[in-house]
Structures are given as structure tokens and as C-alpha cells.
Amino acid sequence: MNNEGYQKYYVPDQSPWPLVGAIALFFIALGAGFFVIDMSKDQSGWGGYMLLFGIAILFVMLYGWFKNVVDESMAGLYSPQMDRSFKQGMSWFIVSEIMFFAALIGALFYARFIAVPWLGGASNNEMTGAILWPNFEAVWPLLTTPGGTETQAMGWGLPAINTVILVVSSITLHFAHTGLEQNKRSQLTGMLAITLILGMIFLCLQGYEYVHAYRDLGLRFDSGVYGNTFFLLTGFHGMHVLLGALILFFVLMRVIKGHFTPEKHFAFQAGAWYWHFVDVVWLIVFCLVYVL
Numbered sequence: 002m003n004n005e006g007y008q009k010y011y012v013p014d015q016s017p018w019p020l021v022g023a024i025a026l027f028f029i030a031l032g033a034g035f036f037v038i039d040m041s042k043d044q045s046g047w048g049g050y051m052l053l054f055g056i057a058i059l060f061v062m063l064y065g066w067f068k069n070v071v072d073e074s075m076a077g078l079y080s081p082q083m084d085r086s087f088k089q090g091m092s093w094f095i096v097s098e099i100m101f102f103a104a105l106i107g108a109l110f111y112a113r114f115i116a117v118p119w120l121g122g123a124s125n126n127e128m129t130g131a132i133l134w135p136n137f138e139a140v141w142p143l144l145t146t147p148g149g150t151e152t153q154a155m156g157w158g159l160p161a162i163n164t165v166i167l168v169v170s171s172i173t174l175h176f177a178h179t180g181l182e183q184n185k186r187s188q189l190t191g192m193l194a195i196t197l198i199l200g201m202i203f204l205c206l207q208g209y210e211y212v213h214a215y216r217d218l219g220l221r222f223d224s225g226v227y228g229n230t231f232f233l234l235t236g237f238h239g240m241h242v243l244l245g246a247l248i249l250f251f252v253l254m255r256v257i258k259g260h261f262t263p264e265k266h267f268a269f270q271a272g273a274w275y276w277h278f279v280d281v282v283w284l285i286v287f288c289l290v291y292v293l
């Protein structure tokens with residue numbers, strides 16, 4: 002058989018990290034369940050400690066697994082075919098994240114345009130509102146639930162500032178990528194550090210926004226469907242910003258150590274793809290949750 006044109010494909014040795022990750026997820030799931038039960042009963046238990054233990058194991062797994070991958074990459078064990086596999090894997094991961102946020106946005110649309118109007122008597126359903134909640138007004142944002150829970154709507158002033166911050170962070174990340182492709186290491190390091198700082202500022206401002214919502218507006222998880230959808234969409238997005246910031250932090254550490262070349266820098270590309278995805282999602286969330 003003619004092997005001309007075939008490329009080597011590195012197959013790593015057996016790794017303990019998938020098993021360690023499974024154990025971590027087990028403790029996270031179990032601990033989170035018991036933690037919620039403890040909170041509902043207003044008592045302290047061991048659920049929170051189990052959750053933290055699982056998270057600690059997860060971070061150990063991530064560090065060990067990624068360290069192995071980085072060492073293999075720096076040793077030149079990966080062929081162009083392996084790089085294509087990494088790109089396909091990251092692409093499908095982002096597609097799965099798109100579907101995740103599509104489900105949350107779909108829930109918001111269902112509540113806003115179907116469920117709430119139906120409770121208010123729309124779609125030939127006047128009897129429901131007249132019998133169950135005669136004084137219910139089907140307006141969005143739903144500041145007064147059919148059960149009488151009242152809250153206030155979140156303004157879009159601070160979120161607008163956060164939007165500008167994330168858009169600027171995508172621009173600085175683009176210049177960092179340009180610096181890498183042109184082998185301008187100082188531009189790469191500086192722009193990447195600024196991107197990371199902007200991401201942390203975004204998270205701090207979102208934390209302040211949540212404190213303001215709970216303390217001043219009475220906007221909570223139990224504030225009806227408006228509070229639910231608000232915290233689900235913005236909260237999960239905040240978690241993705243945190244994950245993106247962690248990815249960029251480790252990429253920055255590798256940049257400082259002299260990793261990546263203009264021809265070979267997929268780890269940087271993967272982090273950039275994810276960060277730009279998070280920024281686009283925020284633009285959609287900002288429009289749907291705060292503006293419209």
C-alpha cells in the first residue's frame with residue numbers, strides 16, 4: 002500500500018483524567034443537590050462542603066489534563082490532522098453552547114409572548130384571567146405576578162456600560178491576535194492582558210448589578226417568571242464570561258512563557274473564538290432582557 006500523503010496521528014497513553022473528572026462531576030451534582038435542600042430548609046449541612054470538594058477535584062483534573070496537552074503540543078507530537086481535530090472539536094463545542102442559549106432564549110420568548118398573554122386572557126382565553134386572576138395585567142416585564150409578588154425592572158444603564166466593555170474587549174483581543182500573527186509579542190501580551198482586565202471589570206459590574214437587584218429592586222429568583230428568566234440568562238452568560246476569562250488567563254500565561262508562533266497557535270484561537278462567541282451572545286441578551 003502506498004503511504005504517501007498520510008500523516009502521523011498521535012495517540013496518547015491511557016490517562017486517569019477522565020475518571021478523575023467523572024468523580025468530580027459526581028460530587029458536584031450530589032453536593033449541589035444537598036446544598037439546595039439545605040438552603041430550602043434554612044439549615045447548614047455537608048452539601049456545600051461536598052460541592053466545594055467536587056469543584057476542587059475538577060480544577061485539579063483540568064490543570065493536569067491541560068498540562069498534558071500543552072506538553073504534548075510543545076513536544077511537537079501533534080500533526081496538522083490533529084490540529085484539524087482540535088478545531089472541529091472546539092467548533093462543535095461552541096455549537097452546543099449556541100443551542101444552550103437558544104433554549105434559554107426560547108424559554109424567555111415562550112413566557113413573554115405565549116404564557117403571560119394567555120394568563121391575561123389572550124387567545125380566546127378570557128375565562129382564565131376573569132376567574133383566577135381578574136386584576137392580572139399581562140404586560141412585560143411582569144412586575145406583578147398573578148400571585149401578587151411585586152418587583153421592579155432592571156434598568157439598562159449599567160448593562161449598557163458592560164456592553165461597551167465587552168465589545169471593546171473583542172477589539173483588543175483581535176489586535177492581540179494580529180500581534181501574534183505578525184510576531185509582535187509586546188502587542189500580543191499587552192492587548193491580551195487588557196482583554197482579560199476588561200472581562201474581569203464586566204464580571205465585577207455584573208456582581209454589583211445583582212446586589213442592586215436583590216437589595217434595592219426586590220428582583221430575585223422568586224420574583225416570578227421575569228426574575229427567573231433575568232437571572233438565568235444573565236447568570237449563565239456571566240458564568241461563560243468567567244470561563245472565557247479563565248481560558249484567556251491560561252493563554253496569557255503561555256504567551257508570557259514564550260509559547261505560540263504565527264504558524265501554530267490553536268489554543269489562542271480557541272480562546273478567541275469562545276470570547277467572541279460570548280460577546281455576541283451578550284449583545285443578544287442585552288437587547289432581549291434589558292432593552293426590548
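Take 2 as the starting number for the sequence shown in the working numbering and just add one per residue.
For glycine and all other residues, C-beta sits at the position ideal for the given N, C-alpha and C.
All values reported here derive from a predicted model rather than from experimental measurement.
Would you tell me roughly how many angstroms separate the C-alpha atoms of D217 and A25, rounded to the nearest one? In this structure, the CA atom of D217 is about 37 Å from the CA atom of A25.
Can you check which of these residues, V282, Q207 and W93, is closest to I162 by C-alpha distance? By alpha-carbon distance to I162, the top candidate from V282, Q207 and W93 is Q207.
Neighbourhood of G228 by C-beta distance below 8 Å, restricted to the same chain and skipping five residues each side: Shown here for G228: same chain residues with a beta carbon closer than 8 Å to its own, the five before and five after excluded, namely T152, L220, R221 and F222 in chain order.
Do G272 and V252 have their C-beta atoms closer together than 7 Å? The answer is yes: Cβ separation under 7 Å.
Using the Cβ count rule (16 or more neighbours within 10 Å means buried), how would you classify M192? A buried status is given to M192, since no fewer than 16 other beta-carbon atoms sit within 10 Å of its beta-carbon.
Looking at the structure shown, is V264 part of a helix, part of a strand, or coil, going by DSSP? Per the sequence shown, residue 264 should be read as Glu rather than Val. E264 carries a coil assignment under DSSP once its states are collapsed to helix, strand and coil.
Under a Cβ-count criterion, where at least 16 other Cβ atoms within 10 Å of its own Cβ denotes burial, should A294 be classed as buried or exposed? Given a span of 2 to 293 for the chain in the structure shown, any question on residue 294 remains unanswerable.
Between the C-alpha atoms of C205 and A246, what's the straight-line distance to the nearest angstrom? Between the alpha carbons of C205 and A246 lies a distance of about 13 Å.
Span separating the alpha-carbon of A1 from that of F102: The requested residue 1 does not occur in the structure, where the chain is confined to residues 2 to 293.
Are A104 and P118 closer than 7 Å when you measure CB to CB? In this structure, P118 does not lie closer than 7 Å to A104 by Cβ.
Within a Cβ cutoff of 6 Å, which residues of the same chain sit near G48, ignoring the five residues on either side of it in sequence? Here the set comprises G32, F35, F36 and D39.
Name the residue from A268, L293 and G55 whose alpha carbon lies nearest to the alpha carbon of F87. That would be A268, whose Cα lies nearest to the Cα of F87.
What span of residues does the alpha helix (DSSP H) with R85 cover, start to end? In the DSSP assignment, R85 falls within the unbroken alpha helix (DSSP H) covering P81 to Y111.
Give the range of the alpha helix (DSSP H) segment to which M155 is assigned. Element bounds for M155: n/a, residue is neither H nor E.
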